[in-house]
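Visitor: Next up is a structure, given as structure tokens.
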Amino acid sequence: MALERALAVRLRFGRLLRAWYRAHHRDLPWRKTRDPYRILVSELMLQQTPVSRVMLRYGEFLERFPTLDALARARPARVMEAWAGLGYYARARNLHRLARTVAESGAPATLPGDAAALRSLPGVGAYTAGAVASFAFEQREALVDTNVARVVRRVFGPELDVTRGGDRRRIWEVARALLPRTGRATYVHNQALMELGALVCTARVRHCGRCPVRSVCATYEADRP
DNA sequence: AATACGGGGTT
DNA sequence: AACCCAGTATT
Numbered sequence: 022m023a024l025e026r027a028l029a030v031r032l033r034f035g036r037l038l039r040a041w042y043r044a045h046h047r048d049l050p051w052r053k054t055r056d057p058y059r060i061l062v063s064e065l066m067l068q069q070t071p072v073s074r075v076m077l078r079y080g081e082f083l084e085r086f087p088t089l090d091a092l093a094r095a096r097p098a099r100v101m102e103a104w105a106g107l108g109y110y111a112r113a114r115n116l117h118r119l120a121r122t123v124a125e126s127g128a129p130a131t132l133p134g135d136a137a138a139l140r141s142l143p144g145v146g147a148y149t150a151g152a153v154a155s156f157a158f159e160q161r162e163a164l165v166d167t168n169v170a171r172v173v174r175r176v177f178g179p180e181l182d183v184t185r186g187g188d189r190r191r192i193w194e195v196a197r198a199l200l201p202r203t204g205r206a207t208y209v210h211n212q213a214l215m216e217l218g219a220l221v222c223t224a225r226v227r228h229c230g231r232c233p234v235r236s237v238c239a240t241y242e243a244d245r246p
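Encoded structure:
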């Protein structure tokens, strides 16, 4: 049901979504770089952590550890210091381990550019692999985080229940079906999907009045008076 | 499939 | 006092 709906309107949906993003997106630090390392750090920090809190630590962390190699050479205690206040400290340990692993395999240390290889790195799951592949390497890869899952469910599959494993897989399928044709457009597309969930199609309140895709939204269609 | 992992802001 | 937030690894 959700997949058929997505396939039917994917071109219109994508055009509306990306146009809205270009006009309304926030100017966030990690959107000003294509450096895979800087993108990776932002994605790891943002796991289950609000943008506002990551903003407090992101710049300073990169100042102390400007490259993957610099991070690989750092003492664990220094890395944990720089992570202080962000919580989920296993992320910092994983990032440090990742840096040292990648640094051993080549000089200078470089991240792999495809999602499957990224996925095998410590602390990098399906979401982060898709994010780094599409944001840093402009690969045509989907990504699903809490924002994307909510947007996809409301727009294409109100019947889906994210707590069910099968439905989670279905949401990934829909996200892949929605991807634009090129990797370059995928960067904007994925950013836009998350931004819509963060600014308009938010968890508690839906701001359908300023939603660019309400004309193709199943939830809006069902709830309108 | 369920749970641990942080901590601070919002409702 | 819940609920929420750019999830992942482990059981």
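Following the working numbering, the numbering of the first sequence begins with 22 at its first residue and continues without gaps. Quick reminder that beta carbons are idealized off the backbone N, C-alpha and C, glycines included.
1) Going by C-alpha to C-alpha distance, which of R235, L107, A113 sits closest to G144?
2) Sort G127, Y241, L83, P71 by Cα distance to I60 and report the nearest one.
3) So G218 and R171 are in contact, right, with Cβ under 8 Å, and what is the actual spacing, rounded?
4) Mind checking who C222 pairs with in its DSSP beta bridge?
5) CB L24 to CB A198, shorter than 8 Å?
6) Check this for me: beta carbons of V153 and E64, under 8 Å apart or not?
7) Quick check on the burial criterion: 16 or more other C-beta atoms within 10 angstroms. Buried or exposed for T207?
8) Given that a residue counts as buried once 16 or more other Cβ atoms are within 10 Å of its Cβ, and exposed if not, what is M76?
9) Using the C-alpha atoms, what's the distance from V30 back to N115?
10) Here's the rule I'm using: 16 or more other beta-carbon atoms within 10 Å means buried, otherwise exposed. How should Q69 be labelled?
11) Pick out the complete beta strand (DSSP E) segments inside the segment 146 to 230, 3 residues or longer, and give them in chain order.
12) Anyone know if the C-beta pair for P129 and D90 falls short of 8 Å?
13) Once DSSP output is grouped into helix, strand and coil, what is the label at V75?
14) What is the DSSP secondary structure of F86, counted as helix, strand or coil?
15) Between which residues of its own chain and A196 is the CB-CB distance below 8 Å, once the five residues before and five after are set aside?
16) With a Cβ-Cβ cutoff of 8 Å, do F251 and A137 count as a contact?
17) If you drop the 5 nearest sequence neighbours on each side, which residues of the same chain put their C-beta closer than 6 Å to that of R26?
18) Taking the C-alpha atoms as reference points, what is the distance between E102 and G108?
19) Taking H210 as the reference, give the member of H117, A40, M22 with the closest Cα.
20) For D22 and L200, what's the separation of their Cα atoms in angstroms?
21) So, helix, strand or coil for V129, using DSSP?
22) Confirm, please, whether the CB-CB distance from P50 to Y21 is below 8 Å.
Guide: In short:
1) Translated into the one-based positions of the first sequence, residue 144 becomes position 123. Taking the Cα of G144 as reference, the smallest distance to any Cα among R235, L107, A113 is reached at A113.
2) Within the first sequence, numbered from 1, the residue matching residue 60 stands at position 39. Answer by Cα proximity: L83.
3) Taking the first sequence and counting its residues from 1, one reaches residue 218 at position 197. Taking the first sequence and counting its residues from 1, one reaches residue 171 at position 150. Contact annotation, G218 with R171: C-beta distance approximately 5 Å; criterion of less than 8 Å satisfied.
4) As a working mapping, residue 222 is identified with position 201 in the first sequence. In the DSSP output, where bridge partners are listed per residue, C222 has R227.
5) In the first sequence, residue 24 corresponds to position 3, counting from 1. In the first sequence, residue 198 corresponds to position 177, counting from 1. For the pair L24 and A198, the CB atoms are nearer than the 8 Å cut-off.
6) Indexing the first sequence from 1 puts residue 153 at position 132. Indexing the first sequence from 1 puts residue 64 at position 43. Cβ atoms of V153 and E64: closer than 8 Å.
7) Taking the first sequence and counting its residues from 1, one reaches residue 207 at position 186. Flag for T207 reads buried.
8) As a working note, residue 76 is residue 55 in the first sequence. So M76 counts as exposed.
9) Your numbering for residue 115 matches position 94 in the first sequence. Your numbering for residue 30 matches position 9 in the first sequence. So the two alpha carbons sit approximately 40 Å from each other.
10) Counting from one through the first sequence, the residue named residue 69 turns up at place 48. Exposed, since its Cβ has fewer than 16 Cβ neighbours within 10 Å.
11) If we require 3 residues or more, the segment 146 to 230 turns out to have no beta strand (DSSP E) run fully inside it.
12) Here residue 129 is taken as the residue at index 108 of the first sequence, counted from 1. Here residue 90 is taken as the residue at index 69 of the first sequence, counted from 1. Contact: yes.
13) Position 54 of the first sequence, counted from the first residue, corresponds to residue 75. Helix.
14) Here residue 86 corresponds to residue number 65 of the first sequence, with the count starting at 1. Looking at F86 - three-state DSSP - the assignment turns out to be coil, as it is neither helix nor strand.
15) For this step, residue 196 is matched to residue 175 along the first sequence. Excluding residues within five positions, the ones whose Cβ falls inside 8 Å are A163, L164, V165, V169, V173, L214.
16) No statement about residue 251 is possible, as the shown extent of the chain runs from 22 to 246 and does not include it.
17) Residue numbering aside, residue 26 sits at position 5 when the first sequence is read from its first letter. Within the same chain, F177 come within 6 Å of R26 by CB-CB distance, once the 5 residues on both sides are set aside.
18) As a working mapping, residue 102 is identified with position 81 in the first sequence. As a working mapping, residue 108 is identified with position 87 in the first sequence. Straight-line spacing of the CA atoms in E102 and G108 works out to 11 Å.
19) The residue labelled residue 210 in the question sits at position 189 within the first sequence. The residue from H117, A40, M22 with its alpha-carbon nearest to that of H210 is A40.
20) Against the first sequence, residue 22 aligns to sequence position 1. Against the first sequence, residue 200 aligns to sequence position 179. Just to set this straight, residue 22 is Met in the shown sequence, not Asp. Distance between the alpha carbons of M22 and L200 is about 18 Å.
21) For the purposes of this step, residue 129 is taken as the residue at position 108 of the first sequence. Before going further, note that residue 129 is Pro rather than Val in the sequence given. For P129, the three-state secondary structure derived from DSSP is coil.
22) Given that the chain is displayed from residue 22 to residue 246, the structure contains no residue 21 and the question cannot be resolved.
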